[in-house]
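Report on the structure given below.
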Amino acid sequence: MNLPGNEKFIITSNNTVSEETVKSSKLSISDPGTIIFPKIGGAIATNKRRILRKRTVIDNNCLGITPYSLVDLEWVYQLLSSFDFSKLQTGTSVPAISQGTIGGIVIGLPPAQEQTRIVAKIDELMVRCDELEKLRAAQNEKRLSVHAAAIQQLLNIAEPEQHQRAHAFLAEHFGELYTVKENVAELRKAILQLAVMGKLVPQDPNDPPASELLSAIEWEKKQLVKEGKIKAPKPLPPVTEEEKRYDLPRGWEWVRLGDLFRVTSGNNLPKDKMLAGEIPVFGGNGITGYHNAANTDRPVIVIGRVGYYCGSIHLTPAKAWITDNAFFTIYDEDRIDQAWVIWLLKTIDLQADASSTAQPVISGGKIYPIPIPLPPLPEQHRIVARIDQLMALCDTLDQKISDATDKQTELLNAVMAQG
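Sequence positions in the sequence shown follow our numbering and run 7 to 425.
Printed below as a string of structure tokens:
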């Protein structure tokens with residue numbers, strides 16, 4: 007167990023041995039003041055170091071360094087933190103650091119009094135760093151909470167005054183709020199949510215209403231059934247008032263996902279067809295390979311159906327084989343904007359409708375009834391253009407945050423080098 011509040015020291019261990027076992031097994035005992043650290047496997051890269059407070063037996067997974075009395079223990083402890091032990095390891099299957107490698111490291115040795123001053127200065131700077139980290143964490147926490155409250159008001163379209171105040175607040179404090187990536191991620195979600203609520207672009211009264219779009223899709227379904235290309239779909243119940251999460255703009259309609267798309271499970275490829283080719287295979291894990299088989303002749307939207315990628319959304323190339331680990335949607339791309347569908351699906355928690363088994367599974371029966379908002383086709387195009395523009399802005403914000411972090415690290419390294 008480590009000394010409370012200080013991970014530098016080890017006081018006790020979960021395992022103990024007797025003096026008789028130490029003598030009979032010829033085990034090596036390390037004295038208090040020995041610095042131990044891992045020497046085998048992936049733990050080497052962690053560079054974890056501990057100072058023993060009691061006589062301790064260390065096994066073959068650790069190395070110990072015990073400074074002579076004229077060398078400051080704390081200085082050696084800090085010195086070890088400057089080493090990249092992963093560059094000193096040898097071995098292939100199981101990397102390790104040898105005692106000889108450690109003993110041969112060349113170091114600069116300051117006078118004894120300066121060792122003490124160095125340790126004192128490090129401790130002083132570490133305290134300041136801890137204070138700065140706490141301050142930074144508190145500031146970021148405040149940014150996150152304030153931003154979350156503003157976003158919640160922004161999405162509250164039932165109260166237009168709150169919506170406008172939140173919009174003005176975010177605009178006024180934009181530069182301060184979007185210095186953390188968490189807020190940028192939330193902004194992306196808010197953009198999509200505003201898009202599906204009809205609040206991202208203005209409506210055009212000249213757009214043909216979505217009801218006409220629905221009528222055209224229904225006519226197409228009847229034609230496909232008449233031609234024997236599809237089976238007559240089971241009718242879905244109208245969206246209830248309780249399912250309508252918010253009011254839609256004039257010209258929009260609440261519909262069910264199955265009213266717009268046919269969701270179909272793919273087919274598995276036989277083993278003798280698993281040959282290198284030019285057609286990508288899409289399954290629950292996205293692209294799984296290139297094979298000589300085709301199942302689609304134009305881009306379709308793929309929803310991961312099983313396991314880790316359950317609920318993930320992909321867009322296939324013009325030709326692709328869809329495995330039974332995925333669903334793919336088929337629709338008249340002249341009536342529904344493909345990009346609009348992708349953005350819309352990203353606002354839905356598809357895993358919420360997954361079966362609760364050893365691994366999540368989405369069925370067509372669960373996807374069909376999902377209620378979704380449908381805007382007129384021209385507005386779909388305008389929404390997609392606006393989303394693309396705003397997502398590019400979010401990409402820029404993310405990059406600026408990364409660049410600022412890199413710059414801070416570079417500046418810190420330069421200061422430390424000068425010191």
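Glycine included, every Cβ here is placed at the ideal spot set by N, Cα and C.
Whole-angstrom Cβ separation of Arg55 and Ile46, contact assumed at under 8 Å? The Cβ separation is near 15 Å, so there is no contact.
Identify which residue in Gln365, Pro381, Leu356 has its Cα closest to the Cα of Pro375. Leu356
Pro166: first and last residue of the uninterrupted alpha helix (DSSP H) it sits in: 166-178
Of the choices Glu80, Glu137, Thr22, Ser88, whose alpha-carbon is the least far from that of Ile122? It should be pointed out that residue 122 corresponds to Thr in this sequence rather than to Ile. Checked all of Glu80, Glu137, Thr22, Ser88; the closest Cα to Thr122 is Glu80.
Coil, strand or helix - Leu58 by DSSP: strand
Rounded to the nearest angstrom, how far is the Cβ of Trp346 from that of Ile378, given a contact under 8 Å? Not really, about 11 Å apart at Cβ, beyond 8 Å.
Identify every residue that forms a DSSP beta bridge with Pro68. It is worth fixing the name first, because residue 68 is Cys in this sequence and not Pro. BP columns for Cys68 point to Pro44.
May I ask which residues mark the beginning and end of the beta strand (DSSP E) holding Gly310? 307-310
Is Gly39 closer than 8 Å to Leu58 when the C-beta atoms are compared? yes
Could you compute how far the alpha carbon of Ser92 sits from the alpha carbon of Val100? 12 Å
Between Leu230 and Arg262, how many whole angstroms is the CB-CB distance? I'm expecting something under 8 Å. Going by Cβ atoms, the distance from Leu230 to Arg262 rounds to 18 Å, so no, they are not a contact pair.
Residue span of the alpha helix (DSSP H) that contains Trp260, given as start and end: Counting along the chain, Trp260 falls outside any alpha helix (DSSP H), though it belongs to the beta strand (DSSP E) covering 259-262.
Count the C-beta pairs between the segment 232-239 and the segment 191-209 that are closer than 8 Å, then say yes if the count reaches three, no if not. no
According to DSSP, is Pro214 part of a helix, a strand, or is it coil? coil
Using the beta-carbon count (16 or more within 10 Å), is Pro166 buried or exposed? exposed
Taking the DSSP output, what are the residues bridged to Ile368? Paired residues: none, contrary to the question.
How would you write the range of the beta strand (DSSP E) that Ile319 sits in, first residue to last? 319-321
Sub-8 Å separation of Gly427 and Pro381 beta-carbons: Outside the shown range of the chain (7 to 425) lies residue 427, about which nothing can therefore be said.
Host alpha helix (DSSP H) of Leu198 (start-end): 187-202
Measure the Cβ-Cβ separation of Trp260 and Leu254 and say whether it is below 8 Å. yes
Reducing DSSP to helix, strand and coil, say where Val100 ends up. coil
When you compare the CB positions of Val63 and Ile35, do they come within less than 8 Å of one another, or not? yes
For Arg388, name the three-state secondary structure that DSSP assigns. helix
Excluding sequence positions up to five away, which residues of its chain have a Cβ less than 8 Å from the Cβ of Val82? Ile41, Ile71, Pro73
Under 8 Å, do Ser87 and Thr96 count as touching if we go by C-beta distance? no
Could you name the residues that DSSP lists as bridge partners for Arg123? Paired residues: none, contrary to the question.
Alpha-carbon to alpha-carbon, Glu248 and Lys180: Looking at the sequence shown, residue 180 is not Lys but Phe. Cα to Cα, Phe180 sits roughly 36 Å from Glu248.
With respect to the alpha helix (DSSP H) encompassing Leu86, which residues constitute its N-terminal and C-terminal limits? 79-86
Collapsed DSSP secondary structure at Val207 in the structure displayed: coil
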